[in-house]
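Enquirer: In this note's numbering, the protein residues as written are 340 to 946. Here a beta-carbon is modelled for each residue, glycine too, at the ideal position from N, C-alpha and C. As the structure is a computational prediction, the values presented were derived from the model and not from experiment. Below you will find the structure I want to go over with you.
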RNA sequence: GGUUCCAUAGCUCAACUGGAUAGAGCAACUGCCUUCUAAGCAGUAGGUUCCAGGUUCGAGUCCUGGUGGAAUCACCA
């Protein structure tokens, strides 16, 4: 009795193949061992590179069922699959590992399927909405290295979720009010002498940052003075005239004092102009902006609702608290005794506002891990309030970026400024490109654009290749590298493929994929790698982790370069393979381009 | 002190969620440009996966206890 399983190749190639194999294995258990093993229970893993094959089935756990050693179990299943599944060409067994080698014609079908799909790796709409909040800067200082990680992550996650089939809305919640803004405003008022970004020749955000620093310096002087006159340090911090003035300014702002609001608007607009420029350079964008000056009063109705529902309780001083002891947390203040809101009050309100604006299935907050506790509390409260969307709230908590010298401290001037850093990367890319590729025949403008693409690719890839959850080290020397596991390496691979494409056109190569070829190892491995792409994207989406895409794209580029070095594409002794190899190259190029786009990185046609 | 997270080659990071001999890059060393872009390729060397137990066919991965580091525990945001 024979069971022939034909593998049907659709867009989710990898799934199709492994499903067929699993069905075959299930059948094998039935026929050989009279045992029902459900397809869902069967796990396949990729074969390690040092062994023959592409799919591996581990037989250790099944000795009891087969009544045979792991090796014997593997052999009999392998035998069965070769006989009954047409895609399985051969097998080998090493200890308890059954490695399956699929036929060349199957891999050629796979390549054809990839080739036929312009949007390979991109899923059709799944009908779900997801909001991604990222960036969320304060308007009192320019963006720095930490913001770069945040922005690149947020943007990339949004791209990845979009490719996973979600309807994505990117939002930025700007912290444009509060005591820190007043500090910059006050210092400007006192020491600014009417300076403007134009007169100072500075970007607006940098100018405001200058006054934020100025405030801190003057404030420190006052504290020292007070301490010298006998105050305790603690008292001095509270009583220094500057801080009192800043606090008064905040009150004036809240009561809508005209002059204060006018100054606030003027300075914030300078900052926004500066930010726009930086975002533009970074290549990130938003679909919607929220400003805390509009949302900071929200959330009080939710406090009332919580009181009614008995989720919150009042203390003697009239302050309102959430009791989260049942959830393993503490009590948390949600409204001050004087009725004013705290951070979490407005976040509750903003959460509700976001849902009203865009009824999401998921809402992602890209915020550093120093706020883990805050979001834990926020999400638990929203769930307690019975919000249907509560389960979809997710804090993408990323680790801090350290410098070799340690932690970045804005007050100690050890921050790496975002604008400066990106400019450095462009300069390095320029220098390096001029040394490397003499004559690409670029106009000055094109050359500049190339430096931008390469420099930005380097810094983005550097920050995205690491698992977002992990704290990472930013070594300026290393980040500026353009060889090895870097963005430019992948961009270079793409440019190489473009060169192949151009050459193929010159030669008039027919790129139809001949289904009867026999494949070299390097060719097969490349196709196997290509077949993994859609699943990697889905996994990156499920884990909110661009690093999975970064790692994949690097592996693919590396595999391609091995192929490129090992085999000649326009090989005169092998003319029947020209079309296939060009098609293979172009599909690798296509996937590299798509993958890099998911990271927010462009790829050049030449470099 | 409580809670949470982290510890893998000299350095920076992986390891498909419990599978084979733990992999890449950088740094070091050896080869490869008259051949499709050498920002590349091939190779050498580098490991007690922080320590001690446990769970099982099998542990870098899971559980317990240590050690070291980070974050947080505000009527700041």
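Can you pull the DSSP bridge partners for residue 660?
Expert: Residue 660 pairs with 652, 672.
Enquirer: Let's test the definition: count the other Cβ atoms within 10 Å of the Cβ of residue 340 and tell me whether it reaches 16, buried, or not, exposed.
Expert: Here the model assigns residue 340 a pLDDT of 38, short of 50, so the residue's position is not dependable, and the following value carries that caveat. Exposed.
Enquirer: Enumerate in chain order the residues of its own chain whose CB-to-CB distance from residue 342 is below 7 Å, with the five nearest sequence positions on each side excluded.
Expert: Residue placement at residue 342 is flagged as unreliable, the pLDDT there being 47, under the threshold of 50; the coordinate-derived value follows with that caveat. Contacts found: 366, 423.
Enquirer: I'd like to confirm the pairing. Which residues does DSSP put opposite residue 709 in its beta bridges?
Expert: Bridge partners of residue 709: none, in fact.
Enquirer: Residue 361 by DSSP, collapsed to three states: which one?
Expert: Note: residue 361 maps to helix in three-state DSSP.
Enquirer: Alpha carbon to alpha carbon, what distance is there between residue 704 and residue 647?
Expert: For residue 647 and residue 704, the distance between alpha carbons rounds to 28 Å.
Enquirer: Is the beta carbon of residue 616 less than 8 Å from the beta carbon of residue 542?
Expert: The answer is yes: Cβ separation under 8 Å.
Enquirer: Thinking C-alpha only, which one of 633, 373, 699, 488 is nearest residue 509?
Expert: For residue 509, the nearest C-alpha among the options comes from 699.
Enquirer: Return the CA-CA distance between residue 450 and residue 459, expressed in angstroms with no decimal places.
Expert: Distance between the alpha carbons of residue 450 and residue 459: 11 Å.
Enquirer: For residue 341, name the three-state secondary structure that DSSP assigns.
Expert: For residue 341, the pLDDT reaches just 43, beneath the cut-off of 50, and the residue's location in the model is therefore unreliable, although a value from the coordinates is still provided. Coil.
Enquirer: When the Cα atoms are used, what is the spatial distance from residue 324 to residue 488?
Expert: The requested residue 324 does not occur in the structure, where the chain is confined to residues 340 to 946.
Enquirer: Please return the same chain residues whose Cβ sits closer than 6 Å to the Cβ of residue 666, not counting the five positions on each side in sequence.
Expert: So the qualifying residues of the chain are 719.
Enquirer: Quick one: grab the DSSP three-state call for residue 704.
Expert: In this structure, residue 704 counts as strand in the three-state DSSP scheme.
Enquirer: Enumerated in chain order, which unbroken segments of the alpha helix (DSSP H) with a length of 4 residues or greater are wholly contained in the segment 862 to 929?
Expert: Entirely contained in the segment 862 to 929, the alpha helix (DSSP H) runs reaching 4 residues are, in chain order, 872 to 882, 885 to 905.
Enquirer: Between the alpha carbons of residue 484 and residue 805, how many angstroms are there, rounded?
Expert: Going from the Cα of residue 484 to the Cα of residue 805 covers about 15 Å.
Enquirer: Pop quiz: residue 838 and residue 921 are said to be a contact at Cβ under 8 Å. What is the actual Cβ separation, rounded to whole angstroms?
Expert: Rounded, the Cβ-Cβ distance is 11 Å, inconsistent with contact.
Enquirer: To test your reading of the DSSP string, which unbroken beta strand (DSSP E) runs of 3 or more residues are found completely within the segment 724 to 771?
Expert: Whole beta strand (DSSP E) segments, 3+ residues: 732 to 737.
Enquirer: At which residues does the beta strand (DSSP E) containing residue 677 begin and terminate?
Expert: Premise fails: residue 677 is in no beta strand (DSSP E) and is neither H nor E.
Enquirer: Taking 8 Å as the limit between beta carbons, can you name the residues of its chain near residue 836, skipping five residues before and five after?
Expert: So the qualifying residues of the chain are 899, 924, 925, 927, 928, 931.
Enquirer: Say whether the segment 373 to 381 touches the segment 851 to 866, bearing in mind that this needs 3 or more beta-carbon pairs closer than 8 Å, one atom from each stretch.
Expert: Touching, no, given that fewer than three Cβ pairs across the two stretches are closer than 8 Å.
Enquirer: Using 8 Å as the threshold, is the C-beta distance between residue 531 and residue 505 below it?
Expert: Not closer than 8 Å, so no.
Enquirer: May I ask which residues mark the beginning and end of the alpha helix (DSSP H) holding residue 828?
Expert: Where residue 828 is concerned, the enclosing alpha helix (DSSP H) stretches over 826 to 846.
Enquirer: For residue 763, which of 820, 402, 386, 904 has the nearest alpha-carbon?
Expert: Comparing Cα-Cα distances from residue 763 to each of 820, 402, 386, 904, the minimum goes to 820.
Enquirer: Within the same chain, show all residues whose beta-carbon is closer than 7 Å to that of residue 437, passing over the 5 residues directly before and after it, in chain order.
Expert: Cβ neighbours of residue 437 beyond the five flanking positions: 395, 396, 398, 413, 416, 417, 430.
Enquirer: Can at least three beta-carbon pairs, one atom from the segment 888 to 899 and one from the segment 820 to 833, be found at a separation below 8 Å?
Expert: Yes: at least three Cβ pairs fall under 8 Å.
Enquirer: Just confirm the distance between the C-beta atoms of residue 434 and residue 409, as a whole number of angstroms; I'd bet it's less than 8 Å.
Expert: At roughly 6 Å, the Cβ-Cβ gap stays under 8 Å, so residue 434 and residue 409 are in contact.
Enquirer: With residue 461 as the anchor, note down where its beta strand (DSSP E) starts and where it stops.
Expert: Note, residue 461: premise wrong, no beta strand (DSSP E); not H, not E.
Enquirer: From this set, 663, 403, 446, which residue's C-alpha is nearest residue 355's C-alpha?
Expert: Nearest C-alpha to residue 355: 446.
Enquirer: Threshold first: 4 residues or longer. Then list the alpha helix (DSSP H) segments lying entirely within the segment 508 to 539, N to C.
Expert: Those alpha helix (DSSP H) runs which fall completely within the segment 508 to 539 and span 4+ residues are 518 to 530, 536 to 539.
Enquirer: What would DSSP say about residue 580, mapped onto helix, strand or coil?
Expert: Reduced to three states, the DSSP call for residue 580 is helix.
Enquirer: Provide the residue(s) that pair with residue 935 in DSSP beta bridges, ordered along the chain.
Expert: DSSP output for residue 935 lists no bridge partner at all.
Enquirer: Given a cut-off of 8 Å on the beta-carbon distance, is the pair residue 548 and residue 481 in contact?
Expert: The answer is yes: Cβ separation under 8 Å.
Enquirer: Counting pairs of beta carbons, one from the segment 588 to 602 and one from the segment 521 to 535, are three or more of them closer than 8 Å?
Expert: Touching, yes.
Enquirer: Rounded to whole angstroms, what's the CA-CA distance from residue 721 to residue 637? Just pull it up for me.
Expert: Distance between the alpha carbons of residue 721 and residue 637 is about 14 Å.
Enquirer: With 16 other CB atoms within 10 Å as the buried threshold, where does residue 538 fall?
Expert: So residue 538 ends up on the exposed side.
Enquirer: Given that a residue counts as buried once 16 or more other Cβ atoms are within 10 Å of its Cβ, and exposed if not, what is residue 619?
Expert: It counts as exposed.
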